[in-house]
Amino acid sequence: MTIILQILSITVGFGFLIFIHELGHFLAAKMCKVRILTFAFGFGPDLIKYTYNGTKYCIKIIPFGGFVRMAGDNPKEATGSDGEYLSLKWYEKIWISFAGPFSNYILAVFLFTLVFNIWGAVKIPTDLSVGAVVKNYPAETAGIIPGDKIKSVDSVEINTWNDLSANLKDKANKQTSFLIERGDSSFELSMIVAKNPVTGIGTIGITPVKIKVGFLKSIHLGVKTLIVNTIVPVVYLADKVMSLEKPEISGPIGIMQIMANAAKIGMQDYLRLIAVISVALGLFNLFPIPMVDGGMILLFLVERIIRKQISTKVVQVYNTTGLILMISILLFATYSDLLRLGIGRLFASS
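For my numbering, count along the sequence shown from 1 and bump the result up by 986.
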């Protein structure tokens, strides 16, 4: 894949996720009869703009980010009239904030469902039968074909795909021997394990047997995968916080690298990754952190409990704190990305 296609895969992927997120806010605001002043995709100067029914629709020069500007969303400009954001009931404002992450979740279910419906679901295997061999990976080069069974790795018996994954995890770039069963015969193959460009762990480029699933089953698996991808990060972060350990997170650089690598592998992996990132984007925006949707929802709930509007000064302090926190998270994630790429060692050793 050329560098241009990699850049395109990153731009389209990020842009689409952000567009869906902002579209959720936009549609929810429309449902609540709020006047929309601007619906923008990207930041910076306008590339394309069009005004319809009092709303400016525009695509800006930097294709990362976006926003929905609503009438009366600034306390200094609000007049208290109908159609203004701050004139809405508390639950309407919560709905508008929630609609962005919710749209990311809907997109994720759609993409997971699409992947399962087109490419099938992994059959729960009773043995390590190879379903497919990835082109240009060690397994293909060594001569493994669909139907072969992996019996052992470096003389360690393998019974499940989880066993195989665990055994290969730390073997990237290492010469490894495999006992293969083909029909009634068994033989040994040796190969250098590759590094998965998406996960960074060892792989030889084989996949389990997959079975075709119907549309309803695809939806069921899509929802199930969404739930798993929501619970696992929360449990992981909670565990790290409780044990006072530094979490491994990816920032923009890491995510862009993973997206480019997934696009190189194939459309199935790319769409699945976009779905996973969409879940992560929705989940992060639901955290009760100032400056994100979850932080706004928390404010509206507090206002409902105390039965009065929080002062502008308190909101400003709240948002400033959130901005500092967001920048800190971004810097930490970016530094982690640089360390993984080997660039951060230059700073660490200076």
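All C-beta atoms, glycine included, are put in the ideal place defined by N, C-alpha and C.
Keep in mind it's a predicted model, so treat the numbers as computed, not measured.
Per DSSP, the bridge partner or partners of residue i
i, result
"V1139", "V1142, F1164"
"K1181", "G1188"
"V1116", "P1194"
"I996", "I996 is not bridged to any residue."
"Y1043", "F1025, Y1036"
"K1174", "It is worth fixing the name first, because residue 1174 is Glu in this sequence and not Lys. Beta-bridge pairing links E1174 to L1165."
"V1108", "K1196"
Backbone secondary structure at residue i - three-state DSSP
i, result
"S1151", "helix"
"I1006", "helix"
"R1055", "strand"
"F1088", "helix"
"D1225", "helix"
"Y1036", "strand"
"V1101", "helix"
"F1273", "coil"
"S1336", "Because S1336 sits at a pLDDT of 41, beneath the cut-off of 50, its placement in the model cannot be relied upon, and the following sentence gives the value as read from the coordinates. Here S1336 sits in coil by DSSP."
"L1212", "helix"
"A1246", "helix"
"I1048", "strand"
"G962", "This structure leaves residue 962 out entirely; the chain is present only between 987 and 1336."
"P1061", "coil"
"V1020", "coil"
"L1311", "helix"
"V1278", "coil"
"G1001", "helix"
"P1031", "strand"
"P1219", "helix"
"G1129", "coil"
"Q1295", "coil"
"E1289", "helix"
"P1124", "helix"
"A1158", "coil"
"K1075", "coil"
"L1230", "coil"
"D1255", "helix"
"R1331", "Any answer about R1331 is weak, because its pLDDT of 44 lies below 50 and its placement is not dependable; what the coordinates show is given next. Correct three-state label for R1331: helix."
Inter-residue CB distance, residue i and residue j (contact presumed, cutoff 8 Å)
i, j, result
"G1086", "D1279", "5 Å"
"I1166", "I1136", "7 Å"
"G1052", "K1019", "With 8 Å as the limit, G1052 and K1019 do not qualify as a contact, their Cβ atoms being about 22 Å apart."
"F1025", "I1045", "Contact doesn't hold; Cβ gap of about 10 Å is too wide."
"A1180", "Y1123", "6 Å"
"G1106", "I1197", "6 Å"
"M1178", "Q1161", "The sequence shown places Ile at residue 1178, rather than the Met named in the question. Contact flag correct, Cβ pair sits at about 5 Å."
"V1119", "P1132", "6 Å"
Near the ligand NAP: residue i beta-carbon under 7 Å from a heavy atom
i, result
"S995", "Ligands in the displayed structure: none, and consequently the ligand NAP is not present."
Exercise. Contact between the segment 1079-1097 and the segment 1254-1271: three or more CB pairs below 8 Å?
Worked result: yes
Problem set entry | Three or more C-beta pairs below 8 Å linking the segment 1215-1231 and the segment 1058-1074 | With the cut-off at 8 Å, the segment 1215-1231 and the segment 1058-1074 do not touch.
Exercise. Just checking, does the segment 1030-1044 make contact with the segment 992-1000 on the three C-beta pairs under 8 Å criterion?
Worked result: no
Exercise. Touching or not, the segment 1100-1107 and the segment 1122-1141, by the rule of three or more beta carbon pairs under 8 Å?
Worked result: no
Exercise. Just checking, does the segment 1129-1143 make contact with the segment 1155-1168 on the three C-beta pairs under 8 Å criterion?
Worked result: yes
Exercise. Are three or more beta carbon pairs between the segment 1194-1209 and the segment 1071-1080 nearer than 8 Å?
Worked result: no
Exercise. Is the number of C-beta pairs between the segment 1300-1312 and the segment 1277-1291 that are closer than 8 Å three or more?
Worked result: The segment 1300-1312, when compared against the segment 1277-1291, does touch it at the 8 Å Cβ threshold.
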